[in-house]
Amino acid sequence: MQELRPRLKAAAALVRGGSAVADIGTDHAYLPAWLLLHGVAPRVIACDIGEKPLANAAETVKIYHLAKKIDLRVSDGLANVRPGEYGAVTICGMGGTLIAEILEKATLPVDVQLVLQPMTHVEDVRAWLCRNGFAIDREICVKDAGRVYCCISADRTGTPRAAEPGFCYFGTLTGETEEERAFLRKTCARVKTRADALAAADRFPEEQALLRQALHYYETNYSNDRKRPL
Ligand SMILES: C[S@@+](CC[C@H](N)C(=O)[O-])C[C@H]1O[C@@H](n2cnc3c(N)ncnc32)[C@H](O)[C@@H]1O
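Under this note's numbering, the residues of the sequence shown are numbered 1431 to 1660, in order.
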């Protein structure tokens, strides 16, 4: 099949495989098709909240003769998928806040793998993972069409932990690739812009304090030459 764009290719690389995948917000079902055609998943439940995206997905299913392996479903998040039907969930190309809302409403299997690729607000995704007893196994940053994205794989530990601002914004990234450094710098700039705007407007002191903690974490962990220079 046609190569996936880098954003989805990074997500595909994180899927461990071997079990059925529920792809939420599938649109054209490019990721499900790739996982099936490369033997990563035996079956995919490709879900979308909209009929039009599912019509796009049906085209892909037809082109690659995947009708026996892809189950197309109208579903708001995982509402129409039972936990026993899949071992991994992929949610790509949505805002991080929406991804966290979808996960919050879901009943997930105990041993589920989560592969999440937020377009914005990655901190909301990591905060949800912390609070709900998931640990990040791997994160990949990629450049795609002039933007840099972070893709996260997480597994359940069963032990919730505090969503520390530094971890939520910067995660497990070490800055070892150019893409990671770009993503870290971009995130830091975003945090700083928001913190400065709130300070200038004298609003939301609690959020300001969290943002300052995140900036302190960044300076401590990445910006000095003893640690991980960016
Ligand atoms: C920008 S597309 C991303 C498509 C593909 N996953 C990708 O990364 O290229 C987002 C898709 O998510 C769907 N979507 C939005 N909210 C959803 C929800 N609550 N449940 C399921 N799908 C949703 C939209 O209809 C849309 O097709």
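Glycine included, C-beta positions come from ideal geometry on N, C-alpha and C.
Quick one: what does DSSP say THR1520 is sitting in, helix, strand or coil? strand
Helix, strand or coil at VAL1470 [DSSP, three-state]: coil
Between the C-alpha atoms of LEU1614 and VAL1542, what's the straight-line distance to the nearest angstrom? 28 Å
Cutoff 7 Å; reference ALA1565; Cβ partners in own chain excluding five residues on either side: ALA1584, ASP1585 and THR1587
For THR1650, which option in PRO1635, ALA1630, CYS1618 and VAL1519 has the closest C-alpha, if you only look at C-alpha atoms? CYS1618
Leaving aside the five residues before and after ASP1501 along the sequence, list all residues of the same chain whose C-beta is less than 8 Å from its C-beta, in chain order. ARG1473, VAL1474, ILE1475 and ALA1476
Proximity to ARG1577 [Cα-Cα], best of CYS1560, PRO1548, LEU1603 and TYR1648: PRO1548
Which one of ILE1479, ILE1493 and ALA1488 has the shortest CA to CA distance from ALA1509? ILE1479
Just checking my contact of LEU1544 with VAL1504 at CB under 8 Å: how many whole Å lie between their CB atoms? Incorrect: roughly 22 Å between the Cβ atoms, too far for contact.
Would you be able to state if there are at least three C-beta pairs under 8 Å between the segment 1447 to 1462 and the segment 1483 to 1495? Yes, the segment 1483 to 1495 touches the segment 1447 to 1462.
Going by beta-carbon coordinates alone, are LEU1645 and ALA1631 separated by less than 8 Å? no
Hey, LEU1603 and GLU1569 are a contact pair by Cβ (cut 8 Å); roughly how many whole angstroms apart? 6 Å
Closer than 7 Å: is that where the CB of MET1524 sits relative to any heavy atom of ligand 1? yes
Assuming GLY1563 contacts THR1589 under a Cβ cut-off of 8 Å, what Cβ separation, rounded to an integer in Å, is found between them? Distance from GLY1563 to THR1589 at the Cβ level is roughly 5 Å; contact confirmed, criterion being Cβ atoms closer than 8 Å.
Can you check whether the CB of LEU1461 is closer than 8 Å to the CB of LEU1434? yes
With ALA1629 as the anchor, note down where its alpha helix (DSSP H) starts and where it stops. Bounds of the alpha helix (DSSP H) holding ALA1629 are 1608 to 1631.
Around the C-beta of THR1490, are 16 or more other C-beta atoms found within 10 angstroms, so that it is buried, or is it exposed? buried
In the DSSP assignment, the beta strand (DSSP E) including LEU1502 goes from what residue to what residue? 1500 to 1504
Beta carbon of ILE1582: closer than 7 Å to some heavy atom of ligand 1? no
Should PRO1436 be counted as a contact of ligand 1 given a C-beta to heavy atom distance under 7 Å? no
Helix or strand or just coil, what does DSSP make of PRO1462? helix
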